Amino acid sequence: MLSKADVTEHLLSLTLIEAVLYALGIYLLAVAFLIFYRLTFHPLSRFPGPKLAATTKWYEFYHDIIKSPGGQFAKEIERMHEQYGNIVRINPDEIHIRDPLWFDSLYAPNPTQRDKYPPAARMVGLPLGSHGTVEHDVHRKRRAANAPLFSKRAIASDGQLLIRQHAKELGNIFEKSLADGQPINLDTVLLAFTTDTLYHYAFDKDAGFMHDPVAAQSWRNAMISVATATPFIKQFPWIIKIITAIPHVLLAYMLPDLSRLLGVHRTMKGLVTEYMTTREDRPQLESQKTHGGSAKISMQRPPTLFHAIERSTLPPHEKNAARLQQEGATMLFAGSETTARLLAHTMFHILDNPDILRKLKEEILEAVDDDKIPDLKILEKLPWLTATVRESLRLRAATTSRLPLVSKTQLAYKDWVIPAGTPVSMSHPDILHDATIYPEPLKFDPERWFDATERANRSFVAFGKGTRMCQGMDFAYAEMYITLALLFSRFDLELFETYRHRDIDYVRDCFLGEPDRASPGIRVKIVADNGKYTV
């Protein structure tokens, strides 16, 4: 038997080539053992699914990064379900389920506890924000701190006033487009609108994108850059730390569009610094006017997100500068692009269906009182407007990516027992496009909601369900109702060189579904301005 000294002497006598071969052999042996373990003894080894997917996450990497046009793993999961059934092991550690009846079991309300799968939480690079929070209890408390800002009462009063104010500015952009004879890119203009509106509502500041077309286009380009990078970041979430560590000047030179997005962190740092250094002047900050004194508000909410967090019962370490910065960035990212995309898609479907357009315009104009768009509560009761918004949300869920959660206890799906601690995911499109619930699921048909079944209503998960559902849902609804009512009452619009197969239908899963890379965006032409209608 060789002694330790003999082994050491032998290793030291190896040539470089021999040492490399030894190391390679050990590595291959370890890989072989890992593959054997994952296929044989792993807690998920008996679950159905491709053997290659069960052995390595490089399978997902191939479909999301290598396979053209990128972001194809979501479609591969669809294929897996077609072959293996409703429950599939999609990678070594994760189970995916496609069954609308089980959605409420995974995304259950309180007091059910579900942690976020850490790799999914890290993808946004904001672990101190509510969206990037892993632990159930911490997330619940952080979400509760934000809640006063997004209560129905606050949105119906202060929120509605600010949305109307910015919708009026949006109308001015459409008016100018008519005068110039140029089409409008809805992706860019509506992103500027939703960003300005949320920025004003959450931070009491003017982002100014609607007044600066160059900045608005750069902001839109930044969102496109992030969407393109998302599949890669999903595979390697640690790269976020590297990107954010690059000096801003250098990043602006290398990746100008992406640098603007990451510049949000710098902007948010400035907002938080200003807020924290003026604590002693809080009564003056909480005046009865919004930023610029342009609109009276009733103060049914905290003046800013930072006020909401400061007034909450969160402990002191949850109210420090880093926390405020990341929660602010989380809110801005989550509430701008998603709503803009939903608005743009809704407008496309309305304009692409002349009969729906006619009925919707008639309904809105009938509700107009003294040439003024009615209150949000009235808009929410308009059948065609409500059904149109709902149908657009069904076709275009807020997110297309799977959303894995982790239960600390066993879960059961039919005869399958899922071990505690296993990440389990479902995908919104699987529910919203289920033909057994919504016949002809890819058809834009608002009338399906006039006599919707209980199952159809229960399966409407466009904003998610449970403790992790979208907190800004009511704010997004308010933006959509008010904006659509104004634009379609005041303007006659038509699509401009915009096609569903290229510019609407998603072909890449980049958290939000992305259209063909060749898409120039959703564009409309303003045909006429009826001018007298206002918010």
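Going left to right, the sequence shown walks through residues 1 to 535 as the UniProt record's numbering numbers them. Beta carbons are placed, not taken as given, at the ideal position from N, Cα and C, and that holds for glycine. Only a predicted model underlies this, so the values are computations on that prediction, with no experimental measurement involved.
Across which residues does DSSP place residue i in a beta bridge pair?
{"i": "Lys525", "result": "Glu494"}
{"i": "Thr534", "result": "Lys372"}
{"i": "Trp416", "result": "Tyr413"}
{"i": "Ile87", "result": "Ile97"}
{"i": "Ile184", "result": "Val524"}
{"i": "Gly461", "result": "Here residue 461 turns out to be Val, not Gly, going by the sequence shown. In the DSSP output, where bridge partners are listed per residue, Val461 has none listed."}
{"i": "Asp115", "result": "Val406"}
{"i": "Cys510", "result": "Leu512"}
{"i": "Val124", "result": "Answer is none; Val124 lacks a bridge partner."}
Our contact map puts residue i next to residue j with C-beta atoms below 8 Å; I'd like the distance itself, whole angstroms only.
{"i": "Pro419", "j": "Pro92", "result": "Incorrect: roughly 13 Å between the Cβ atoms, too far for contact."}
{"i": "Phe491", "j": "Ile526", "result": "6 Å"}
{"i": "Asp416", "j": "Ile87", "result": "One point to set straight first is that residue 416 is Trp, not Asp, in the sequence displayed. The pair is a contact, with the Cβ atoms about 6 Å apart (cut-off 8 Å)."}
Here's the rule I'm using: 16 or more other beta-carbon atoms within 10 Å means buried, otherwise exposed. How should residue i be labelled?
{"i": "Thr290", "result": "Note on Thr290: pLDDT 45, under 50, position unreliable in the model; no value is reported."}
{"i": "Glu76", "result": "buried"}
{"i": "Met426", "result": "buried"}
{"i": "Ser294", "result": "Residue placement at Ser294 cannot be trusted, given a pLDDT of 47 that sits under 50; the coordinates are not used to answer."}
{"i": "Pro231", "result": "buried"}
{"i": "Lys176", "result": "exposed"}
{"i": "Met254", "result": "exposed"}
{"i": "Asn320", "result": "exposed"}
{"i": "residue 537", "result": "An answer regarding residue 537 cannot be provided, because it is not within the stretch 1 to 535 covered by the chain."}
Please work out which residues of its chain come closer than 7 Å, Cβ to Cβ, to residue i, disregarding the five sequence neighbours upstream and downstream, and give them in chain order.
{"i": "Cys470", "result": "Ala398, Phe463 and Gly464"}
{"i": "Met123", "result": "Ile233, Lys234 and Pro237"}
{"i": "Val461", "result": "Phe103, His428, Ile431 and Leu432"}
{"i": "His248", "result": "Ser259, Gly263 and Arg266"}
{"i": "Ala367", "result": "Pro374, Ile378 and Leu382"}
{"i": "residue 538", "result": "Since the first residue of the chain shown is 1 and the last is 535, residue 538 is not available in this structure."}
{"i": "Asp371", "result": "Lys532, Tyr533 and Thr534"}
{"i": "Gln284", "result": "Only weak support exists for where Gln284 lies, its pLDDT of 47 falling under 50; the value from the coordinates is given anyway. Once the five neighbours on either side are set aside, Gln284 has no close Cβ partner at all."}
{"i": "Asp99", "result": "Asn86"}
{"i": "Lys4", "result": "none"}
Excluding the 5 residues flanking residue i on each side, which residues of the same chain have their C-beta closer than 6 Å to its C-beta?
{"i": "Gly292", "result": "With a pLDDT of 44 at Gly292, under the threshold of 50, the predicted position of this residue should be treated as unreliable, though the coordinate-derived value follows. Nothing listed; no residue qualifies."}
{"i": "Asp503", "result": "Pro515, Ser519 and Ile522"}
{"i": "Gln288", "result": "With a pLDDT of 45 at Gln288, under the threshold of 50, the modelled position of this residue cannot be trusted; read the value that follows with caution. So the list is empty, once near-sequence residues are dropped."}
{"i": "Lys269", "result": "Gln325"}
{"i": "Glu479", "result": "Ile163 and Thr339"}
{"i": "Thr194", "result": "Ser336, Thr339 and Ala340"}
{"i": "Asp509", "result": "Gly71, Ala74, Thr400 and Ser401"}
{"i": "Leu411", "result": "Ile418"}
Which same chain residues, not among the five before or five after residue i, have their C-beta less than 8 Å away from its C-beta?
{"i": "Ala334", "result": "His131, Cys470 and Gly472"}
{"i": "Arg468", "result": "Tyr107, Arg114, Lys116, His139, Leu403 and Leu405"}
{"i": "Thr133", "result": "Lys116, Ala121, Pro127, His139 and Arg142"}
{"i": "Asp187", "result": "Arg220, Ala340, Arg341, Ala344, Gly521 and Ile522"}
Please determine, among the options, the residue with the shortest C-alpha to C-alpha distance to residue i.
{"i": "Ser157", "options": "Arg301, Leu250 and Leu324", "result": "Arg301"}
{"i": "Pro183", "options": "Glu497, Tyr506, Ala229 and Cys510", "result": "Glu497"}
{"i": "Ser259", "options": "Ile243, Glu274 and Phe209", "result": "Ile243"}
{"i": "Asp355", "options": "Pro446, Ile246 and Gln72", "result": "Pro446"}
{"i": "Ile97", "options": "Thr453, Val424, Phe475 and Val226", "result": "Val424"}
{"i": "Asp352", "options": "Arg390, Lys443 and Glu327", "result": "Lys443"}
{"i": "Met276", "options": "Gln83, Asp257, His307 and Ala476", "result": "His307"}
{"i": "Ser459", "options": "Lys414, Arg394 and Ala485", "result": "Arg394"}
{"i": "Trp449", "options": "His501, Trp384, Ala74 and Val507", "result": "Trp384"}
{"i": "Asn221", "options": "Ala179, Glu310, Asn185 and Tyr84", "result": "Asn185"}
{"i": "Leu190", "options": "Glu169, Gly181 and Lys205", "result": "Glu169"}
{"i": "Leu161", "options": "Thr197, Asn172 and Ala144", "result": "Thr197"}
{"i": "Ala216", "options": "Pro48, Ser336 and Ala252", "result": "Ser336"}
{"i": "Ala144", "options": "Ile350, Asp509 and Arg311", "result": "Arg311"}
{"i": "Phe488", "options": "Ala476, Leu357 and Ser401", "result": "Leu357"}
{"i": "Thr112", "options": "Leu495, Lys408, Glu391 and Cys510", "result": "Lys408"}
{"i": "Asn110", "options": "Gly129, Asp137, Ile95 and Leu101", "result": "Asp137"}
{"i": "Leu343", "options": "Pro303, Leu34, Ala229 and Ala167", "result": "Ala167"}
{"i": "residue 543", "options": "Met331, Thr330, Lys361 and Asn457", "result": "With the chain covering only 1 through 535, there is no way to say anything about residue 543."}
{"i": "Thr228", "options": "Val524, Gly513 and Ala528", "result": "Gly513"}
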